[in-house]
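The opening residue of the sequence shown carries number 3 in our numbering; numbering runs sequentially from there. Backbone N, C-alpha and C fix where the C-beta goes; we use that ideal spot for every residue, glycine too. The structure presented is a predicted model; accordingly, all values stated were derived computationally and were not measured.
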Amino acid sequence: MLKKNPYNFLKNKGILYSVIAGIAIILTLFLIFHKPLPQYYSKKDFALGTWVNVKVAGNKINSEKLADIAFDEMKRIERKFSKNIKGSVIWELNEKRSIIADKETLFLMKAAINYADLTGGAFDPAIGALVKLWGFDDMNSPKRVPSKDEINNALKGISYKFIKIEGNKISLLNDETMIDLGGIAKGYAVDMAINKIKSLDPKATGFIDAGGDIGIIGPKFNRFPWVIGIRDPDGNPYDIKLQIYLKEGAIVTSGNYERYFEKDGVRYHHLIDPKTGYPANFYKSVSIISDSAMKADAMSTAIFILGDKLPDIDSMMQYDIQIYGITSDNKIIKTTGFDYYLKK
Ligand code: ADP
Ligand code: MG
Numbered sequence: 003m004l005k006k007n008p009y010n011f012l013k014n015k016g017i018l019y020s021v022i023a024g025i026a027i028i029l030t031l032f033l034i035f036h037k038p039l040p041q042y043y044s045k046k047d048f049a050l051g052t053w054v055n056v057k058v059a060g061n062k063i064n065s066e067k068l069a070d071i072a073f074d075e076m077k078r079i080e081r082k083f084s085k086n087i088k089g090s091v092i093w094e095l096n097e098k099r100s101i102i103a104d105k106e107t108l109f110l111m112k113a114a115i116n117y118a119d120l121t122g123g124a125f126d127p128a129i130g131a132l133v134k135l136w137g138f139d140d141m142n143s144p145k146r147v148p149s150k151d152e153i154n155n156a157l158k159g160i161s162y163k164f165i166k167i168e169g170n171k172i173s174l175l176n177d178e179t180m181i182d183l184g185g186i187a188k189g190y191a192v193d194m195a196i197n198k199i200k201s202l203d204p205k206a207t208g209f210i211d212a213g214g215d216i217g218i219i220g221p222k223f224n225r226f227p228w229v230i231g232i233r234d235p236d237g238n239p240y241d242i243k244l245q246i247y248l249k250e251g252a253i254v255t256s257g258n259y260e261r262y263f264e265k266d267g268v269r270y271h272h273l274i275d276p277k278t279g280y281p282a283n284f285y286k287s288v289s290i291i292s293d294s295a296m297k298a299d300a301m302s303t304a305i306f307i308l309g310d311k312l313p314d315i316d317s318m319m320q321y322d323i324q325i326y327g328i329t330s331d332n333k334i335i336k337t338t339g340f341d342y343y344l345k346k
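Here it is as C-alpha cells:
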C-alpha cells in the first residue's frame with residue numbers, strides 16, 4: 003500500500019501559489035504594456051468638388067484634430083489651384099496669361115507637364131477650353147454636345163507645349179490656352195494631407211478617400227491592409243466589382259460615371275481626349291495603384307484617354323504603377339503586378 007506523503011498537501015499548495023503569482027505577473031505586465039487598439043475617427047465633408055472621407059487614428063495627436071488638419075490642407079490646395087475660384091493661382095494664370103509662381107505652384111505645374119510628356123499628351127493640363135466647352139468645368143454649367151467648329155476652335159489652344167516655365171515665371175503662349183488641373187490636383191491634395199498628418203504624428207494610421215482618390219495614412223490597427231472596393235461602373239456607387247487590399251500608397255479611379263450627361267442615347271463624360279476633343283470611350287473605368295495619389299490621379303486620367311492606343315499595358319509598370327481597367331465591352335485589362343493587391 004502506498005503511504006500517503008504527509009507533505010503532499012503542502013507541495014500542491016506550493017504549485018497553486020506559483021500559478022497564481024505567475025498569472026498576477028502576466029496580468030500586471032499586460033496592463034503596463036498593452037496598448038488598446040487605436041480608435042478610428044471618421045470625418046466626411048465636401049472638398050475638392052467631391053465628398054471626402056478622412057478616417058484616422060492618431061498616436062500622439064487627437065484623431066479629430068488630425069482629420070481637421072487634413073481637411074484644412076485639402077481646402078487650402080483647392081483654393082489655390084481651382085480654376086473656378088476667383089483669385090486662385092490658376093484663375094490668375096488663365097486671366098493674366100503670365101504669373102510669377104511660388105515653389106508649390108511650380109512643382110505641381112512641372113509635375114503635370116511631366117505626366118503630359120510621359121503619356122504623349124493624353125493627360126494634358128492645358129485641357130481647360132475643352133472641359134469648359136462641354137460644360138464639365140463646373141457642376142452648374144449647362145452640359146451640351148458642342149459643334150464640330152467649336153471643338154476645332156478649342157483644340158487650337160490645347161497643348162501643354164503652350165505652357166512656358168522660365169525660372170519662376172509661368173506663361174501661356176497661345177491665346178486660347180486654359181489651364182485645368184482637375185485631373186491631378188485632387189491626388190496632390192490627398193498626398194499633401196497625408197504628409198501633413200504624418201509630419202505631426204508619424205504613427206497615425208487610416209486613409210483619405212476623396213471621391214475615388216484614396217491615399218493610405220497607415221495600415222489598419224498598424225497591421226492590416228485596408229479593404230478598398232473598386233466600383234462596378236454600371237452599378238450604383240455601392241456596387242463593388244472587386245476588392246483590393248492596401249497597406250500603403252494610393253489607389254485612384256477615373257470613371258465615365260463620375261460626371262456625365264446623356265444625349266440621344268449616348269453618354270458624354272468629363273474625360274476628354276486632347277487629340278479629338280471628345281470624351282474617350284475605350285474604358286468605363288481605370289484604377290491605378292501607386293506610391294503617390296498625385297501620380298495615380300494623373301495616370302488614371304491618361305490611361306483612360308489612351309485606351310487601345312496603349313497596346314502593352316505592362317509597359318506602364320516601369321513607372322511603378324499597377325493598372326486595372328474595365329473596357330466599354332466589359333473586358334478587364336490589367337498589369338501583371340496588379341493581382342498582388344487582390345490577396346489579403
Ligand atoms: P475625377 O475624380 O474628378 O473624376 P479625374 O482625375 O478622372 O477626376 O479627372 C477628371 C478631370 O480632369 C476633369 O474634370 C477635367 O477637369 C480634367 N481632365 C479631363 N480630361 C483631361 C485630360 N485629357 N488631361 C488632363 N485633365 C483632364
Ligand atoms: Mg485623374
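Length of the line joining the Cα atoms of residue i and residue j
| i | j | result |
| --- | --- | --- |
| Pro-204 | Met-76 | 19 Å |
| Asp-322 | Ile-196 | 20 Å |
| Ile-22 | His-36 | 20 Å |
| Lys-277 | Phe-125 | 10 Å |
| Gly-339 | Gln-324 | 6 Å |
| Met-3 | Ile-17 | The predicted position of Met-3 is uncertain, since its pLDDT is 49 and thus under 50; a value taken from the coordinates is nonetheless stated next. Going by the C-alpha atoms only, they are around 26 Å apart. |
| Asn-154 | Phe-164 | 17 Å |
| Ser-65 | Asp-47 | 16 Å |
| Tyr-342 | Tyr-247 | 9 Å |
| Met-319 | Gly-130 | 29 Å |
| Arg-261 | Pro-281 | 11 Å |
| Ile-160 | Tyr-190 | 22 Å |
| Lys-88 | Glu-94 | 8 Å |
| Arg-81 | Phe-306 | 27 Å |
| Gly-237 | Arg-269 | 15 Å |
| Thr-337 | Ser-20 | 59 Å |
| Arg-146 | Gly-279 | 13 Å |
When the options are compared against residue i, the one with the closest alpha-carbon
| i | options | result |
| --- | --- | --- |
| Asp-293 | Asp-215, Lys-345, Arg-233, Ala-114 | Asp-215 |
| Lys-249 | Lys-166, Val-229, Asn-176, Gly-327 | Val-229 |
| Tyr-285 | Trp-53, Met-296, Leu-39, Ser-302 | Ser-302 |
| Ile-274 | Glu-80, Ala-59, Phe-138 | Phe-138 |
| Pro-235 | Gly-189, Gly-327, Gly-185 | Gly-327 |
| Phe-226 | Met-111, Pro-239, Phe-209, Asn-238 | Phe-209 |
| Ile-219 | Leu-202, Leu-39, Tyr-190, Gly-251 | Gly-251 |
| Tyr-240 | Asn-224, Ile-253, Tyr-259 | Tyr-259 |
| Pro-38 | Ala-26, Glu-264, Asn-224 | Asn-224 |
Residue i, enclosing alpha helix (DSSP H) - first and last residue
| i | result |
| --- | --- |
| Ser-317 | Counting along the chain, Ser-317 falls outside any alpha helix (DSSP H), and DSSP gives it neither H nor E. |
| Thr-338 | Taken as a continuous stretch (DSSP letters only), Thr-338 belongs to no alpha helix (DSSP H), as it is neither H nor E. |
| Asp-74 | 65-83 |
| Val-147 | Per DSSP, Val-147 belongs to no alpha helix (DSSP H) and is neither H nor E. |
| Phe-306 | 295-308 |
| Ala-191 | 187-202 |
| Lys-37 | Where Lys-37 is concerned, there is no enclosing alpha helix (DSSP H), given that its DSSP letter is neither H nor E. |
Residue i vs residue j beta-carbon contact at 8 Å
| i | j | result |
| --- | --- | --- |
| Ile-167 | Leu-108 | yes |
| Tyr-162 | Gly-123 | yes |
| Phe-83 | Val-56 | no |
| Ile-232 | Lys-222 | no |
| Met-194 | Ile-28 | no |
| Glu-178 | Lys-158 | yes |
| Ile-199 | Met-296 | no |
| Ala-59 | Thr-207 | yes |
| Lys-134 | Leu-50 | no |
Where the beta strand (DSSP E) containing residue i begins and where it ends
| i | result |
| --- | --- |
| Leu-244 | 242-248 |
Beta-bridge pairing of residue i - partner residues as DSSP gives them
| i | result |
| --- | --- |
| Ile-101 | Ile-172 |
| Tyr-326 | Ser-289, Lys-336 |
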